[in-house]
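Visitor:
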Amino acid sequence: LHALNPMWAVHFFLEYKTVSFIALGAVVLSITGVEALYADMGHFGKFPIRLAWFTVVLPSLTLNYFGQGALLLKNPEAIKNPFFLLAPDWALIPLLIIAALATVIASQAVISGVFSLTRQAVRLGYLSPMRIIHTSEMESGQIYI
Numbered sequence: 429l430h431a432l433n434p435m436w437a438v439h440f441f442l443e444y445k446t447v448s449f450i451a452l453g454a455v456v457l458s459i460t461g462v463e464a465l466y467a468d469m470g471h472f473g474k475f476p477i478r479l480a481w482f483t484v485v486l487p488s489l490t491l492n493y494f495g496q497g498a499l500l501l502k503n504p505e506a507i508k509n510p511f512f513l514l515a516p517d518w519a520l521i522p523l524l525i526i527a528a529l530a531t532v533i534a535s536q537a538v539i540s541g542v543f544s545l546t547r548q549a550v551r552l553g554y555l556s557p558m559r560i561i562h563t564s565e566m567e568s569g570q571i572y573i
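Heads up: the sequence shown is residues 429 to 573, going by my numbering.
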């Protein structure tokens, strides 16, 4: 629980100014999956997104980052790739598959979010009018612009 004390973060920022700035970029990167959840807000609503964040995503990220931290404290040479080195050798291929699938799913959510923002910007007059052709009567998200 000592690691959760925010004074350690303050000390780190005061002591290592340049390194802490770079580390802050990594912290921001660690939660960028939230944009995929936010892009899905229109499809699922606030309650399911909040439920998924607090019951699945946040606990998973917390366990993963604590595990990586413990691995690095025990074995500093693991800094080259702590995520994959945290898992046993037999789990490398399944982890690669899961990472690839997560990337595809997140990119699709971002594409859908960009489409929604673009459509609203056109409707509000912030972008020039564009003709949107729906390729399916069943799925409104399948379009050409």
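Each residue gets a CB set at the ideal place from its N, CA and C atoms; glycine is no exception.
From 520, 487, 524, 513, pick the residue whose C-alpha is nearest to that of residue 498; which is it?
Guide: Residue 498 sits at position 70 when you count from the first residue of the sequence shown. When only C-alpha atoms are compared, the closest one is 513.
Visitor: Buried or exposed, going by whether 16 or more other CB atoms sit within 10 Å of the CB of residue 537?
Guide: Along the sequence shown, read from residue 1 onward, the residue named residue 537 stands at position 109. Flag for residue 537 reads buried.
Visitor: What is the DSSP secondary structure of residue 566, counted as helix, strand or coil?
Guide: Position 138 of the sequence shown, counted from the first residue, corresponds to residue 566. Reduced to three states, the DSSP call for residue 566 is coil.
Visitor: How about residue 510 and residue 496: do their beta carbons lie closer than 7 Å?
Guide: By 1-based counting over the sequence shown, the position of residue 510 is 82. By 1-based counting over the sequence shown, the position of residue 496 is 68. Going by C-beta atoms, residue 510 is nearer than 7 Å to residue 496.
Visitor: Less than 7 Å between the beta carbons of residue 523 and residue 515, yes or no?
Guide: On the sequence shown, position 95 is the one that residue 523 refers to. On the sequence shown, position 87 is the one that residue 515 refers to. For residue 523 and residue 515, yes; Cβs fall inside 7 Å.
Visitor: Can you grab the Cα-Cα spacing for the pair residue 452 / residue 544, in whole Å?
Guide: One-based indexing of the sequence shown puts residue 452 at position 24. One-based indexing of the sequence shown puts residue 544 at position 116. So the two alpha carbons sit approximately 30 Å from each other.
Visitor: Residue 519 by DSSP, collapsed to three states: which one?
Guide: Translated into the one-based positions of the sequence shown, residue 519 becomes position 91. Three-state result, residue 519: helix.
Visitor: Give every residue of the same chain whose Cβ lies closer than 8 Å to the Cβ of residue 519, excluding the five residues on either side of it in the sequence, and list them in chain order.
Guide: Walking along the sequence shown from the start, residue 519 turns up at place 91. Taken in chain order, the list of residues that qualify is empty.
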